[in-house]
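> What follows is a structure written as structure tokens; I'll ask about it next.
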Amino acid sequence: MGAVGGVHFGDRGYTRVVRNRGNHCGITSPAADPQIERGVKHGSGSQRACRVAPAPRSQPSGMKLVAAIALLATLTVALGHPDPALDWHWQLWKKTYGKEYPHEREEGVRRATWEKNLRLVTLHNLEHSLGLRSYQLGMNHLADMTSEEVAALLTGLNVAPRPKRVSTYRPQPGSKVPDTVDWREKGCVTEVKNQGACGSCWAFSAVGALEAQVKLKTGKLVSLSAQNLVDCSMMYGNKGCSGGFMTSAFQYIIDNEGIDSDESYPYTAQNGTCQYNVSTRAATCSKYVELPHADEAALKDAVANVGPVSVAIDATQPTFFLYRSGVYDDPRCTQEVNHGVLVIGYGTLNDKDYWLVKNR
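For the sequence shown, UniProt numbering gives the first residue as 1, with consecutive numbering after it.
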């Protein structure tokens with residue numbers, strides 16, 4: 001079925017999620033930010049510290065409509081009976097994403113799911129070309145999977161019901177909030193990772209927020225070890241590849257007095273024995289602050305004035321994992337969050353406000 005995440009997901013690993021739409025997809029339900037008190041010291045030592053290109057809008061086109069309608073005419077075959085008119089496209093898609101299936105039966109099931117998703121993508125993009133949708137979909141590496149399968153792999157968030165907040169973020173009086181923020185422009189965001197078949201989204205969200213704070217404090221951007229969190233934070237309620245939560249990850253880093261770099265403790269996409277080594281420690285954390293529940297204004301202020309923030313969203317809709325560009329706005333998206341991500345900025349595209357989300 002292939003790995004989950006990476007640059008093939010969304011717009012090179014990023015998704016613009018609609019903003020100022022009543023906590024759309026639950027994006028401000030759980031949100032937290034690690035904070036710095038003192039400087040970071042690499043390796044051994046006693047100091048403790050720690051603490052994200054608008055796509056052009058498609059225009060209606062007679063040629064596009066004719067092509068879309070012609071393609072849709074071929075997508076009428078029932079499950080288990082592939083359309084021979086799509087054979088070449090299927091082979092091309094498999095080659096593009098390196099897809100191989102061990103059995104003919106599995107390939108048949110994957111082909112049927114792929115054709116179903118192709119119909120969804122084609123219809124949706126037809127509506128986009130007519131100005132009815134604010135975002136486009138694409139047949140990415142997940143297009144042979146059902147939403148249930150993607151959710152089982154992609155999502156790995158274990159959220160306690162309305163957990164007690166240890167400290168709540170409050171905007172400073174008179175703080176200025178710009179119209180647009182993108183922390184990539186400040187060099188505070190590491191490259192997009194691939195979480196593979198492991199429910200470790202929470203770990204990537206946590207290290208992403210911490211990486212930015214280390215960069216802001218020290219001037220150095222260091223990729224931190226998500227695997228360190230997967231292997232070593234189970235005593236904090238996290239379950240490795242079976243899920244976890246960002247604040248539990250922050251608490252582990254605080255109590256452990258550090259986290260290794262990704263270089264010294266590389267990602268394996270599976271549970272392992274804890275191999276943390278204080279001599280290769282790349283960052284530490286003094287505390288974390290949680291944002292008020294469902295408060296988009298507070299999230300905007302924190303992203304603008306503090307840095308990228310760990311959040312969670314509902315990632316169960318097929319439109320989410322097949323998203324390609326634009327501002328994601330699906331009314332079926334709920335506030336039942338299940339996927340940890342990182343808000344690295346915000347802005348407006350074609351008069352639609354959005355959060356800029358790093359998926360990994």
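Don't be surprised by glycine CBs; every beta carbon is placed ideally from N, CA and C.
For Met246 and Ser310, what's the separation of their Cα atoms in angstroms?
Computed Cα separation, rounded: 7 angstroms.
> At what residues does the alpha helix (DSSP H) containing Lys176 begin and finish?
Element bounds for Lys176: n/a, residue is neither H nor E.
> Per DSSP, what kind of secondary structure is His339 in: helix, strand or coil?
The answer is strand: DSSP assigns His339 an E or B state.
> Would you please state the rounded distance, in angstroms, between the beta carbons of Gln335 and Asn23? I believe it to be under 8 angstroms.
Confirmed, Cβ separation roughly 6 angstroms.
> For Leu299, name the three-state secondary structure that DSSP assigns.
The answer is helix: DSSP assigns Leu299 an H, G or I state.
> What does Trp355 pair with, by DSSP beta-bridge criteria?
Its beta-bridge partners are Val17 and Tyr346.
> What is the DSSP secondary structure of Tyr276, reduced to helix, strand or coil?
Here Tyr276 sits in coil by DSSP.
> What are the partner residues of Gln35, as DSSP defines its beta bridges?
Looking at the DSSP assignment, Gln35 forms a beta bridge with Lys287.
> Between the region 171 to 188 and the region 312 to 327, do at least 3 Cβ pairs fall closer than 8 angstroms?
The answer is no - the region 312 to 327 does not touch the region 171 to 188, with fewer than three Cβ pairs under 8 angstroms.
> Using the C-alpha atoms, what's the distance from Leu356 back to Thr15?
Going by the C-alpha atoms only, they are around 6 angstroms apart.
> Specify the secondary structure class of Arg324 as computed by DSSP and reduced to three states.
Reduced to three states, the DSSP call for Arg324 is strand.
> Could you give the residue range of the alpha helix (DSSP H) that holds Tyr97?
First-last of the alpha helix (DSSP H) with Tyr97: Asp87 to Tyr97.
> Considering only residues of the same chain and omitting the five flanking positions on each side of Tyr101, which have a CB-CB separation below 8 angstroms?
The residues are Glu107 and Arg110.
> Can you confirm whether the region 184 to 204 touches the region 219 to 228 when touching is taken to mean that 3 or more C-beta pairs between the two stretches lie within less than 8 angstroms?
With the cut-off at 8 angstroms, the region 219 to 228 and the region 184 to 204 touch.
> Where does Gly45 fall in DSSP's three states?
Residue confidence for Gly45 is low, a pLDDT of 35 falling below 50, so the modelled location carries little weight; the figure read from the coordinates is stated next. Reduced to three states, the DSSP call for Gly45 is coil.
> Assuming contact is defined by CB atoms lying nearer than 8 angstroms, are Val303 and Arg12 in contact in what I supplied?
Not a contact, by the Cβ cut-off of 8 angstroms.
> Using 8 angstroms as the threshold, is the C-beta distance between Ser286 and Gln35 below it?
In this structure, Gln35 lies closer than 8 angstroms to Ser286 by Cβ.
> Just verifying my parser: in three-state terms, what is the DSSP assignment at Gln317?
The answer is coil: DSSP assigns Gln317 none of H, G, I, E or B.
> Counting along the chain, where does the alpha helix (DSSP H) carrying Leu224 start and finish?
No alpha helix (DSSP H) contains Leu224, which DSSP labels as neither H nor E.
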